[in-house]
Structures are given as structure tokens and as C-alpha cells.
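Colleague: First the structure, which I've put down as C-alpha cells, then a few questions once you've had a look.
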Amino acid sequence: MIGFRTLFPIALGTVLIPSLAYAEDVTSFICPTEDSAFTSIPAIQGSGEKSPFATIPTNSGYISSDEFYVKATVSQIGESLNKGFYLLDTKGDRNRSTSDGVFVYMKDLNSKFPTLKPGSIVCLQAKVEEYYGNTQLALDYSSPKLEVLGQGKVPKPERFRVERNETLAHALRRYESMPVVLDRLSDLKVTRNFSFDYDRYRNNLVLSYGEPLTKSTQLQPAGSAEANIIEEANSTNRLVVESDYKASAGVLPWLPDWDASAGYIRIGDELVNLQGMVSYSHDQFRLVVPQENTISLGDIVRKRDNDRKEAPKRTRGTDLRISSFNVLNFFNSYPSIGGTLNITCDGTYSDSCNRGAKSEADFAMQREKIVSAITQLDADVLGLMELENNGFGENSAIANLVDALNQHESPDKQYAFITLPTEEMTDGQYLGSDAITVGIIYRTEVVKPIGDANVIVMPNQQYISSQGEAKSAHQRNSLAQTFEVKGAEKAFTLIVNHLKSKGSGCLEDENSTTENVQGSCNDFRVSAATVLGDTVSKLSGMVLMVGDFNSYAKEDPIRVLTDYTPSEGARPIMTASNTYIGDDLYQEQASVVTNSYGFIDTNADRNGREAISYGYNGELGTLDYALANQEMNNYILQVADWHINSFESDFFEYGSKYTGDLQKYPNAYASSDHDPVIVDVGFGMPRHYQSH
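Quick look at the structure:
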């Protein structure tokens, strides 16, 4: 009983407005006079997954063999995306398991019935159709059987409620095609912030009931029954909010005061007094907000502890602050910026080898936002991910960023960056072979590098595809540097990592026909975790691994590095096959991981479910970590995420491609898509912290 016909609008921003002229008579339809001739909308909807009358299979679902007479009140006219209008049985059947509304599909409504408007009382004859899951009435295209009987009051929206012991999806079914309004008792929270939905081709956000959604594998081991239960619950707890027409880039039609500085929306907010029509398409329930329905900033309800905050202050006794920050493709190689080309450009610039800013203005905004964030982080040592891999010269991305930082920092807080010996670099210039790389910056007055930095080479894959083609897959190498903390007579080693992304391609996905809840290349990331674990566990002294591991807290790679213990009946964790370290074979066949390396996930260990650094597809979780050995963990005082990015709209980021005239600001918010992780270290008496 969900989903309806979707057609793209005629043009950007087009809104279908009824003509003032009367259409010619398009049908000889005569409305019955006997009440017994009519079928009620609740009876058409039924209480099941689809209408009891739609029984004949079609390419798009089911349709009825007979036509039915319906008399009801128009509650809303489709404006662009949804061609037709909504009908409401204003009396209803007082049955909470059936909807009193239904959508009527009619592509050329305005030309045939220009006087139809909300409040119109109509009589029609149509078949009942289940169109990709949505119950709707299908009028005859060439000769629609419809008569406007008169004009009544526009139906008022119902206050949306989710009843006890039912899911959001169940509640939405009984409001299907009905006008509703959200209030505090609706208890719907923003779980995905304003962004661009390519399926629907609309600017929208997503609400969930009770609280924002958390990724199942953030809480429970991937593949476990407990994780599957969370995954299923999340799938039935989503409501997309959008307009019925395509808004201009960067515009939120139902919130005119929407703004990146003061009128922002954050994950966890409630949108009260928002009115719309409950609908369904592209496998999602949707609240379609008509053009005339808007809310103000006063209708955004936000808990104080969920608002924007300054960076966490240093814990008392802190001698050293370490941070990790994915800087969202910080590239300075756009020709007018003048940065060195990265390793993938093959000596010639192209937009395809530049993943970052593609204009001076966008780059300037990106750099200002990142500098604002790092300056407020006040980190003495900072591991960075997604820097352009264009070396360590004066025109490199890391040099550009450090130069900009030092213009904002006092003389005693100046930064420098770690470089590599020539023999450790690809072609004597690059770290690894990817377009992006990791880096380390540090305050020269606080710490001093001990010896040269080292590269931990991650495994690559070499294999023959199912089509007989020779293929390869690579991972980004990790960077390790030992530092001495001045005045503390302490040394520690920092390893900065950025494991294979969840959207990449590799051998394990070559013949896969099912989606892995852990994303693509999970086994390949496990192989990287074993290489990393084998190498780092042999290091002496205090060790901290930071970075974007592209793995949620209970997914295989993090479990291998932390606390995985094989158990009888549980899904085994596997490495990838056909892996090499450089040109040397690492593992020809996939193998079962039989032990973990015992590093401590310091953030989850101290903050539990509050450890959040990333949001994707409406679900929150952690991809960014500070993994410590026990000796390092003993001196850690505080671990925190600074939620400047994961709770914000990605439309506030530096890129202008989809944001039109939306004003951007050079502040820390939406400076990236990952939150920075902060670790405060004090070298007083060790606490011998016991993880729990």
C-alpha cells in the first residue's frame, strides 16, 4: 500500500498551478446517487500490505479487474513530482489499521480539471492499483471518469503519532496519502541531514522515530543475529522529508530561513509544525511538503547538548593533545592554485585526478574551514587523512595547509610536517600510489621527531577477473613517526592510517551477488588490519594508531585489531586472497583469523555509544579511531569526538557544485564529512587504566 508513480518535473523549479479557465467536458461520466454504490477509501486501502482489490499482477505491481466508485474530498493537489491529487474520506472508518487517504494518479490533471483544488468534493470511477507498493486509484487516461460535485472545507492535517508497540513504518501505512502535521509528541528526529537524493532527484533529509539511527555494526558484530535485528529495525524507521517539486540548488523550500550560520539543522533535531502528505516512492516513505507549507527557525527543537559546541577543553593535567582528522580531499593542484600534481595525474592535470576543489574560491573556503577547525582543536600532534598525494615540497598540499595554519597560530604554536626519506617514497616523491595520502603535522615547541618516519606498506591484490582480465586493487600505506615530548622525558609512536574505502573494488567483490553490510572490500581491509597488527604490536613503548579505518566499531577490521575472540557457531573473520606486500606474495588463499592484537579502542572504551564520528545514509557510527597499546592507554586522560561535521549538512561544505547561491562560512562546521577525534595525554603517574 505504498509508493507512487514518479515522473520528473518539466523544468527546474516548475510548479503546476491550476488554470483559471474551465476545461471542456472530457467525459460523460455520471456520478451515482445511491450511497451503496460507493466503496470507501479505508476499504480500498485495507489493513494489509496491499489493497484487497488489486489482485491482477502487472509490471509495476497489481491492479483490480473492476472499477470502483469513490466519493471523497480533495486534500492536496500534486504539484510536480506526483502527478495527480490526494483524496481523503473525512469521516473515515475509525479503524487505526487502515488509511483514510488515497492518491489518484492523473498526469494531465490541470488541463482536464483546472478547477480542482483542495476542498473539492469529487466523485470518480477508477481501478485500484498497487504501483510499486503504493495503493492508488488509476483513472482512465483518455476519458477520466470524474465529476466535481462542489467545494467544501480543506481537510485539516492529523497530528502524526506512532503508537506503542508499532514501528514507524506501520504508523506511516495508516497515514498513507493523508495530510499530517508533526509536533513534539510525533517524536521524529533528524537522522540524515539535508542533502541531495539521487534516487528521488530531490533535496531532502530523513527522520526517524525516537532517536537518530545508529549503524547496526557500530553496536553488534557484523553478521550476528543482534546486528541483523538492528538492521531490520532501522530499515522500518525512516521518513524522507522533501518538496513535491525540484527546489533550486541549496534551497530548503519549507524552511525559508535555512542558513549555514544561524538557521542550520543538526542530527537529532525535531521539526515541529511541519505539514505534508504521507507518500511512498523509491522504496521509501516520504513526507511531501506542499509549496505553501513552511516552518520557521522557532519550529526547530534542539536539545542544548546537541547544538554546535566549541572544541573540548584540555583535561586538567594534559601534557599533550593528539588528534586525528580526515580533511575531505584537501587538493591544491587545480591549475590556478598552483599545487604540485598528484601521483595519479601522470604529469597532466585533469578534473578526474583532482578529487578536491576545482576552483580558487572553493579551495579558499575549504582551507579556511579546515584551518578554523584545526586551530580550535589545539592539537600538538595531528594525523591527517585525504591530503592530496603530491609530495612534501613547498607546493604540496601538506605544505600549503601548514603555511596557512601558521599564519593563524602564535609563535609558540607553529606547526611543521613530517617528511619521508627519499628511499621510502614512490618515485622518490610520493607516499604510496593513491591520489590521497595520510600526513602528520606537529608543534615544534611541544614535540620533537626521533629519527626518520617509516612507511607501513599495506597489502595490494593482483588477480584475474571473471572476464579473464588482469586486475589489481591497492590500499593506502600508513605513516609512523616516533616523537619525544619535550619536558616530559617521554616518547611515543604515532601511526596514521586510512584503510580501503567501503565503495572500492577488489577481488572479493568480483563475483559477489549480495551486498555486504560491512561494505565492499571488507576482507581486504582485514588483511590490512593483520599487516598493521603484526607490525605495530612489535613496537616498544607507547603506541597510538589513529585515522579513518573505514570500519565501524563491531566490524571485522576493528575487531581484529582490538578484542576479537573466535567462538563456536559465530561467523569467522576472513582475510582476502591473492594479496601481496609490494611484489612479494603475502597470502595466496584467504584464511581464518584466529586471534586479535589487543589494542584498545580508547573512544568506545570511555564513551560507549557516544563515540560517533561519521554519518552515512541516515545512520551514525565511528570510522575514525584512536587505538592504543596498554602502555599508551595508561596515560590517556580524555578521548572525544568534536561533532562539527557528522551532525551537519554536507551542503555547508566548501563545494559549490550543488549548492547554488547558498552562503558558505569560513568556520569549522562542515569543514569535512568526518569529525576529528581528540586524545588528551598526561604524563604524570600512569593510571594503569583497565579497559571495560
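Quick note on numbering: the sequence shown equals residues -23 to -1, 1 to 669 in mature numbering (1 follows the signal peptide of the UniProt record, and there is no 0).
Even for Gly, the Cβ is constructed at its ideal location relative to N, Cα and C.
All of these numbers come straight from a predicted model, not from anything done at the bench.
So what does DSSP say about MET342, is it helix, strand or coil?
Modeller: Mapped onto the sequence shown, residue 342 falls at position 365. Helix, per DSSP.
Colleague: To the nearest angstrom, how far is it from the Cα of MET254 to the Cα of LYS94?
Modeller: Counting from 1 along the sequence shown, the entry for residue 254 is found at position 277. Counting from 1 along the sequence shown, the entry for residue 94 is found at position 117. Their Cα atoms are separated by approximately 15 Å.
Colleague: Would you say MET435 and MET519 are within 8 Å of each other, going by their C-beta atoms?
Modeller: Residue numbering aside, residue 435 sits at position 458 when the sequence shown is read from its first letter. Residue numbering aside, residue 519 sits at position 542 when the sequence shown is read from its first letter. No, the pair does not count as a contact, with Cβ atoms beyond the cut-off.
Colleague: GLU124 to LEU101, Cα distance in whole Å?
Modeller: Mapped onto the sequence shown, residue 124 falls at position 147. Mapped onto the sequence shown, residue 101 falls at position 124. Rounded to whole angstroms, GLU124 to LEU101 spans 6 Å at the Cα level.
Colleague: In three-state DSSP terms, what is CYS100?
Modeller: Taking the sequence shown and counting its residues from 1, the one referred to as residue 100 is at position 123. Strand at CYS100.
Colleague: Between the Cα of VAL569 and the Cα atoms of ASP601, PRO534, TYR602, which residue gives the shortest distance?
Modeller: Position 592 of the sequence shown, counting from 1, holds the residue named residue 569. VAL569 has its Cα closest to that of PRO534, out of ASP601, PRO534, TYR602.
Colleague: Suppose you measure from the CA of ARG332 to the CA of PHE30; what does that come to, to the nearest Å?
Modeller: In the sequence shown, residue 332 corresponds to position 355, counting from 1. In the sequence shown, residue 30 corresponds to position 53, counting from 1. Roughly 52 Å separates the two Cα atoms.
Colleague: Which residue from LEU58, SER28, GLU400 puts its Cα closest to that of VAL105?
Modeller: On the sequence shown, position 128 is the one that residue 105 refers to. Measuring from the Cα of VAL105, the nearest candidate turns out to be SER28.
Colleague: What would DSSP say about GLN444, mapped onto helix, strand or coil?
Modeller: Counting from one through the sequence shown, the residue named residue 444 turns up at place 467. Coil.
Colleague: Buried or exposed: where does GLY480 fall if 16 or more other Cβ atoms within 10 Å of its Cβ makes it buried?
Modeller: Locating residue 480 in the sequence shown gives position 503, where the first residue counts as 1. GLY480 should be labelled exposed.
Colleague: On the CB-based measure, 16 or more other CB atoms within 10 Å of its CB, does TYR257 come out buried or exposed?
Modeller: Counted from its first residue, the sequence shown places residue 257 at position 280. Buried, by the Cβ-count rule.
Colleague: Where LEU162 and LEU184 are concerned, what is the direct C-alpha to C-alpha distance, given to the nearest angstrom?
Modeller: Counting from 1 along the sequence shown, the entry for residue 162 is found at position 185. Counting from 1 along the sequence shown, the entry for residue 184 is found at position 207. Near 14 Å, if we compare the C-alpha coordinates of LEU184 and LEU162.
Colleague: Below 8 Å on the Cβ atoms is my guess for VAL304 versus GLU363; work out the distance and round it to an integer in Å.
Modeller: Mapped onto the sequence shown, residue 304 falls at position 327. Mapped onto the sequence shown, residue 363 falls at position 386. About 5 Å; that satisfies the 8 Å criterion.
Colleague: Which residues bound the alpha helix (DSSP H) around MET522?
Modeller: Numbered from 1 along the sequence shown, position 545 holds the residue referred to as residue 522. No alpha helix (DSSP H) holds MET522; the beta strand (DSSP E) holding it covers 519 to 525.
Colleague: Would you kindly report the start and end of the unbroken beta strand (DSSP E) that includes ARG586?
Modeller: Counting from one through the sequence shown, the residue named residue 586 turns up at place 609. Careful: ARG586 lies outside any beta strand (DSSP E) and carries neither H nor E.
Colleague: Provide the residue(s) that pair with GLY598 in DSSP beta bridges, ordered along the chain.
Modeller: As a first step, residue 598 is located in the sequence shown; it is residue number 621 there, counting from the start. In DSSP, GLY598 forms a bridge with TYR591.
Colleague: Within 10 angstroms of the Cβ of VAL278, are there 16 or more other Cβ atoms? Answer buried if so, exposed if not.
Modeller: As a working mapping, residue 278 is identified with position 301 in the sequence shown. So VAL278 counts as exposed.
Colleague: Between the stretch 543 to 551 and the stretch 508 to 519, can you find at least three pairs of beta-carbon atoms closer than 8 Å?
Modeller: Touching, no, given that fewer than three Cβ pairs across the two stretches are closer than 8 Å.
Colleague: Straight-line CA distance for LEU597 to LYS192?
Modeller: Looking up residue 597 in the sequence shown gives position 620. Looking up residue 192 in the sequence shown gives position 215. Cα to Cα, the separation comes out at about 6 Å.
Colleague: Look at the alpha carbon of THR144 and the alpha carbon of ASP66, and state the distance between them as a whole number of angstroms.
Modeller: Stepping through the sequence shown from its first residue, residue 144 is reached at position 167. Stepping through the sequence shown from its first residue, residue 66 is reached at position 89. Roughly 24 Å between the two C-alpha positions.
Colleague: For the beta strand (DSSP E) containing GLY575, list its first residue and its last residue.
Modeller: Against the sequence shown, residue 575 aligns to sequence position 598. No beta strand (DSSP E) contains GLY575, which DSSP labels as neither H nor E.
Colleague: With ALA115 as the anchor, note down where its alpha helix (DSSP H) starts and where it stops.
Modeller: Locating residue 115 in the sequence shown gives position 138, where the first residue counts as 1. Unbroken run through ALA115 is the beta strand (DSSP E), 111 to 115; no alpha helix (DSSP H).
Colleague: Just confirm the distance between the C-beta atoms of GLY510 and TYR574, as a whole number of angstroms; I'd bet it's less than 8 Å.
Modeller: The count along the sequence shown starts at 1 and reaches residue 510 at position 533. The count along the sequence shown starts at 1 and reaches residue 574 at position 597. The Cβ separation is near 4 Å, so the contact holds.
Colleague: Report the three-state DSSP secondary structure of GLY659 (helix, strand or coil).
Modeller: Your numbering for residue 659 matches position 682 in the sequence shown. Of the three classes helix, strand and coil, the one that applies to GLY659 here is coil, per DSSP.
Colleague: Starting from GLU143, trace the beta strand (DSSP E) both ways and give me its first and last residue.
Modeller: Residue numbering aside, residue 143 sits at position 166 when the sequence shown is read from its first letter. Counting along the chain, GLU143 falls outside any beta strand (DSSP E), and DSSP gives it neither H nor E.
Colleague: From LYS223 to ASN180, what does the alpha carbon distance come to, in whole angstroms?
Modeller: Here residue 223 refers to the residue found at position 246 when the sequence shown is read from its first residue. Here residue 180 refers to the residue found at position 203 when the sequence shown is read from its first residue. Roughly 8 Å separates the two Cα atoms.
Colleague: Quick check on this structure: which residue in LYS335, GLY559, SER648 has the alpha carbon closest to the alpha carbon of GLU634?
Modeller: Against the sequence shown, residue 634 aligns to sequence position 657. Sequence inspection shows Lys at residue 634; the Glu mentioned does not correspond to that position. The shortest Cα separation from LYS634 among LYS335, GLY559, SER648 belongs to LYS335.
Colleague: Which runs of the alpha helix (DSSP H) at least 4 residues long sit entirely within the stretch 314 to 376? Give them in chain order.
Modeller: Qualifying alpha helix (DSSP H) stretches, in chain order: 337 to 354.
Colleague: Apply the 10 Å Cβ neighbour rule to GLN391 and answer buried if 16 or more other Cβ atoms are within range, or exposed otherwise.
Modeller: Mapped onto the sequence shown, residue 391 falls at position 414. Burial call: exposed.
Colleague: If you draw a straight line from the C-alpha of VAL424 to the C-alpha of GLY360, how long is it?
Modeller: Counting from 1 along the sequence shown, the entry for residue 424 is found at position 447. Counting from 1 along the sequence shown, the entry for residue 360 is found at position 383. Going from the Cα of VAL424 to the Cα of GLY360 covers about 14 Å.
Colleague: Express the C-alpha separation of ALA288 and GLY620 in angstroms, rounding to a whole number.
Modeller: Position 643 of the sequence shown, counted from the start, is the residue given in the question as residue 620. Position 311 of the sequence shown, counted from the start, is the residue given in the question as residue 288. The sequence shown places His at residue 620, not Gly. Cα-Cα distance, rounded: 9 Å.
Colleague: Going by beta carbon distance, what residues of the same chain come within less than 6 Å of GLU208, once the five residues before and after it are set aside?
Modeller: Stepping through the sequence shown from its first residue, residue 208 is reached at position 231. Taken in chain order, the residues that qualify are SER193.
Colleague: Our contact map puts VAL47 next to ILE18 with C-beta atoms below 8 Å; I'd like the distance itself, whole angstroms only.
Modeller: By one-based count along the sequence shown, residue 47 stands at place 70. By one-based count along the sequence shown, residue 18 stands at place 41. Confirmed, about 7 Å.
Colleague: If we call anything under 8 Å between Cβ atoms a contact, is ARG217 one with GLN261?
Modeller: Position 240 of the sequence shown, counting from 1, holds the residue named residue 217. Position 284 of the sequence shown, counting from 1, holds the residue named residue 261. The sequence given here places Val at residue 217; Arg does not occur at that position. Yes, the Cβ-Cβ distance between VAL217 and GLN261 is below 8 Å.
Colleague: Would you list, in sequence order, the uninterrupted beta strand (DSSP E) runs of no fewer than 3 residues that lie entirely inside the stretch 524 to 561?
Modeller: Here the runs fully enclosed are 556 to 558.
Colleague: Do you know offhand how far ARG554's Cα is from ASN611's?
Modeller: In the sequence shown, counting from the first residue as 1, residue 554 sits at position 577. In the sequence shown, counting from the first residue as 1, residue 611 sits at position 634. It should be pointed out that residue 554 corresponds to Ser in this sequence rather than to Arg. So the two alpha carbons sit approximately 37 Å from each other.
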